[in-house]
Structures are given as structure tokens and as C-alpha cells.
Amino acid sequence: MVWFFVAIFLADLILGFMQAPVWAFILVNLIFLLLFMFKSFYPVVFEKDPEKVMNFMKNSKHPHFQFFYYFFNDQLEEAENKLRQIKSPFYRKLNEVNLLVKRKQFDEAEELARGFKDNMYKWYSLAGIAIEQGDRESYRKYKEKVRNSFYRRLMELEEMVHDGKKETVLAELDDMIPNLRGSKLLSVIQYKKDLVKRHED
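Counting from 1, position 197 in the sequence shown corresponds to residue 953 in my numbering; the numbering is continuous, with no gaps.
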């Protein structure tokens, strides 16, 4: 982080000595900003190696990413501690819903999710909770409101699991994994682990 600001300072200093126009300062600073953002978020969006994504989350200074590191490693107490440090009220509540669902506290998760503003995450959360509670009517109602094809397919796969087609779902997850990246990759890997664990139980 320090070297990033040093590089900007030196670049601006050189431009100043060259008496560069204002647009050159804006352009150079914008390039530095884009490079910084790309480096900061590349692993959670584009990385295909799950270990690299996990290491990025573990070493990140953002509580949001640290939460997911512990969440994906089933260290739920540590995840809960990081939850309190997430500054965004929306993401703090959304991750709290994820944590409650993971702990099978579906009534509490549903109550919290109903308080969200209408968006995809609200409908996705409520659909997942509804199917776990055996409420297929509510599940179908919420599923229809989810337009994102990735999350919609995950809901359909969970529905197939509840219909006794777990092996078919596991096979599809195996096909999906090589084509996913970043946090979506970790989500599907975690989902597969949970399904296998359910099968063993």
C-alpha cells in the first residue's frame, strides 16, 4: 500500500517537472487507481486456483474477505468475530444470514433476510431458507425473482438434492468447478463439501 502512494507521488512529481497538462495528471492517477483495484480484487473475481483465492482472503485486511476465509473453512466462531467488523450494514446482515443458515437456524435467518431491501440476495436467501424448511410454494415464488443464472442454478441444484438426486447434483458440480473463478469457485467447492458431508451423515 505504501509503495502504491509513493509511486503516485513520484509520477505526479515527474509530470509536474514536465509541466504536463491537467488531463495527463488525471490519466496517470486513474491508471494507478485501476491497477490498484485490479490487484486488490483480482483473486476474488478471476483467480482459478482455489488455494490462491483462499490465501488472498486469509491475508486480506478487509473483514469481509476474512469472514469468508473462516466461513469456507467451517471456522464459524472466527467468522462470527469478523462479522462484527464488517462496516457495510447490508453485507454484515447478509453474511449473518449465511452464518445462521450454515448453523441451520432457519427461523432466525428468515426473519433477518425479510428485512432486506428487495434485491437478488434477499430472494436468493429466502428461497434457500424456504426449501430447507420444506416450503416449496415460497421457494418457487422467491426463485422466480432471481434473475442471475448462476445463483438460480444453485437453487435448482439444491431442489434436486431435496428430490433425492444428490449424485446427479454432485456430478454437475464437478463439471461446473473447472469453469468457475474467484468467490464463485469457492462457493461451489464449499457447497459440494457440504453435500458430501450430508451424504456421509
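Quick reminder that beta carbons are idealized off the backbone N, C-alpha and C, glycines included.
The model shown is predicted, which means the values in this text are computed figures rather than measured ones.
Straight-line gap, LEU832 to LEU786 (C-alpha atoms, nearest Å): Distance between the alpha carbons of LEU832 and LEU786 is about 39 Å.
Validate contact between the stretch 795-815 and the stretch 928-944 using beta carbons, cut 8 Å, 3 pairs: As far as the Cβ criterion goes, the stretch 795-815 touches the stretch 928-944, which means the pair count is three or higher.
DSSP-derived helix/strand/coil call for LEU856: helix
Buried/exposed call for GLU867, threshold 16 Cβ in 10 Å: Exposed, by the Cβ-count rule.
LEU951 - DSSP class collapsed to helix/strand/coil: helix
Inter-residue spacing [alpha-carbon to alpha-carbon] between GLU893 and HIS818: Each residue's CA atom was taken as its position, placing GLU893 and HIS818 some 38 Å apart.
Rounded straight-line distance, which links the Cα of ASP863 to that of VAL800: VAL800 and ASP863 have their C-alpha atoms spaced approximately 30 Å apart.
Status (buried if at least 16 other CB within 10 Å, exposed otherwise) for GLU803: buried
Limits of the unbroken alpha helix (DSSP H) element including GLN822: 819-828
Simplified DSSP assignment, three categories, for ASN837: helix
Residue nearest to GLU852 in terms of C-alpha spacing, selected from ASP830, PHE823, TRP879, ASN829: Considering only alpha carbons, the answer is PHE823.
Coarse secondary structure for LEU941, derived from DSSP in three states: In the structure shown, LEU941 sits in a helix (DSSP, three-state: H, G or I).
Euclidean distance between Cα positions of ASN829 and HIS918: 24 Å
Cβ-based burial, SER881 [other Cβ within 10 Å; buried from 16]: Classification for SER881: buried.
Spatially closest choice to PHE821 from LEU942, LYS953, GLU900, by CA coordinates: LEU942 is the residue among LEU942, LYS953, GLU900 whose C-alpha sits nearest the C-alpha of PHE821.
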